[in-house]
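Undergrad: Under our numbering, the first residue of the sequence shown is numbered 3, with each subsequent residue one higher.
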Amino acid sequence: MLRFLTERAIGMAVTLFLVSIMVFVIMELPPGDYADRYAFRKYSGTGLTITEADVAAIRAELGLDKAAILRYFDWIGGIILRGDFGQAYAFETSVNSIIGEKAWLTLGLLLVTLIITYVVSIPIGIFAAVRRGSAVDYGLTVFSYLGLALPNFLLALVLLYFANSWFGAAVGGLFSAEYADAPWSLAKFWDLVKHMWLPAFVLAWSAMAYQIQTVRATMSDEIGKLSVTAARARGVPEGRLLLKYPARLAINPIASTIGFDVNRIFSELPIVAAVLGLTELGDLLLKSFLDLDMNVAGAILLLLTVVIVVMNFLSDLLLAWLDPRIRLGG
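Shown next as structure tokens:
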């Protein structure tokens, strides 16, 4: 097990290094930089002529005139050594202060989404496999296909409409107006809980549909194995038999795809955030790209990819715990 952990930890470290390079390359891809945007905003409408020398001076002042390799090491060195993600030019403050609370809100939304996904999909998938061929099974299959076919942003619009039409509830955003800028308290936390269920369910929609089918297929396969038939012949109670043998193995594909689900959630988050008016990293990522504030965009991309890599690492550990054959195989 120690060898397994060491190999996975080294693999994660190498992956994080490569991810940091890829994120920095993405930061460099847009044409121009924030110096161009800053000059445009400062002098637009003033009638003054902006020269290349003016833009170059702004670029030097912001430190954007250095070679890309030097800027990469300054950027990643500040993150690793000081936890400093740099300057948020468009906000005239540090990146840390901009993304701080939003990062925790995004991680909280991710956690709730994953909990909803697995709490719903695992038992339903097992039930569908046990009742394979029944009307309930066919109904769940239709639900799964609908979940895979219906875009999350469309589901968000439908739920917003019904919430407002039937209950008169404003469920957009993560906070009510009176709590948006208020300091944290028990009342603000409860207000967050009341608002978070909708975006979490929307983001979990397609993941639930996929995982229900995964658990159903794997469970159906495991139920027909000789080991299960032998255990049933020995008189093992049906509930205990299902949980001890086929259900445990049916969860393996779930454990192995946690990182994939996290990636799916983050990919769908910006558009869902725009529809539901969420004040979290997805919305901030879009704004920072539009403003060419690549320090903010890069910090968000790096944080999200680090979460995906770490979740893949934890997924490997969970899979090794569920199935000893995996860690023995190295």
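By construction, the Cβ of each residue, glycine as well, lies at the ideal position given by its N, Cα and C atoms.
First and last residue of the alpha helix (DSSP H) that includes A235?
TA: L228 to A235
Undergrad: Could you give the distance in angstroms between the alpha-carbon of L31 and the alpha-carbon of L294?
TA: 10 Å
Undergrad: What is the residue span of the alpha helix (DSSP H) that Y212 lies within?
TA: Boundaries of the alpha helix (DSSP H) harbouring Y212: L188 to I225, taken from the DSSP string.
Undergrad: By DSSP, does A90 sit in helix, in strand, or in coil?
TA: strand
Undergrad: For I128, count neighbouring Cβ atoms within 10 angstroms of its own Cβ and tell me buried if that reaches 16, exposed if not.
TA: buried
Undergrad: Are the region 264–281 and the region 227–247 touching, with three or more C-beta to C-beta distances below 8 Å?
TA: no
Undergrad: Reducing DSSP to helix, strand and coil, say where S178 ends up.
TA: coil
Undergrad: Going by beta carbon distance, what residues of the same chain come within less than 7 Å of N154, once the five residues before and after it are set aside?
TA: V204, L205, W207, S208, E270 and V274
Undergrad: At the level of alpha carbons, what is the spacing between L64 and A37?
TA: Going by the C-alpha atoms only, they are around 8 Å apart.
Undergrad: Have a look at A58, Q89 and A233 and flag the residue whose alpha-carbon is nearest the alpha-carbon of D349.
TA: Because the chain spans 3 through 332 in this model, residue 349 falls outside it and cannot be assessed.
Undergrad: Restricting to Cα atoms, I'd like to know which of V138, R133 and V27 is closest to A69.
TA: V27
Undergrad: Using three-state DSSP, classify T95 as helix, strand or coil.
TA: DSSP places T95 within a strand segment (E or B) once states are collapsed to three.
Undergrad: Out of M24, L292, F164 and L72, state which residue places its alpha-carbon closest to the alpha-carbon of Y91.
TA: L292
Undergrad: With a cut-off of 8 Å on the beta carbons, I'd call L176 and L109 a contact; round off their distance for me.
TA: Actually they are not in contact, since the Cβ atoms of L176 and L109 sit about 13 Å apart, beyond 8 Å.
Undergrad: Anyone know if the C-beta pair for L303 and L287 falls short of 9 Å?
TA: yes
Undergrad: Among the candidates I310, R250 and A299, whose CA atom is the shortest distance from the CA of A322?
TA: Relative to the Cα of A322, the nearest Cα in the group I310, R250 and A299 belongs to R250.
Undergrad: If we count the other Cβ atoms within 10 Å of its Cβ and call it buried at 16 or more, is Y181 buried or exposed?
TA: buried
Undergrad: Please report the distance separating the alpha-carbon of F191 from that of L72.
TA: 42 Å
Undergrad: Go through its chain and collect everything with a Cβ distance to L7's Cβ below 6 Å, but skip five positions before and after it.
TA: Within the same chain, L7 has no close Cβ partners at all.
Undergrad: With 16 other CB atoms within 10 Å as the buried threshold, where does Y120 fall?
TA: buried
Undergrad: Under a three-way DSSP split, which group does P33 fall into?
TA: coil
Undergrad: So, using beta-carbon positions, are M14 and N314 closer together than 9 Å?
TA: yes
Undergrad: Apart from the five residues just before and just after I310, which ones in its own chain have a Cβ nearer than 6 Å to its Cβ?
TA: Contacts found: G261, V264 and N265.
Undergrad: Looking at L107 and L188, is the spacing between their C-beta atoms short of 9 Å?
TA: no
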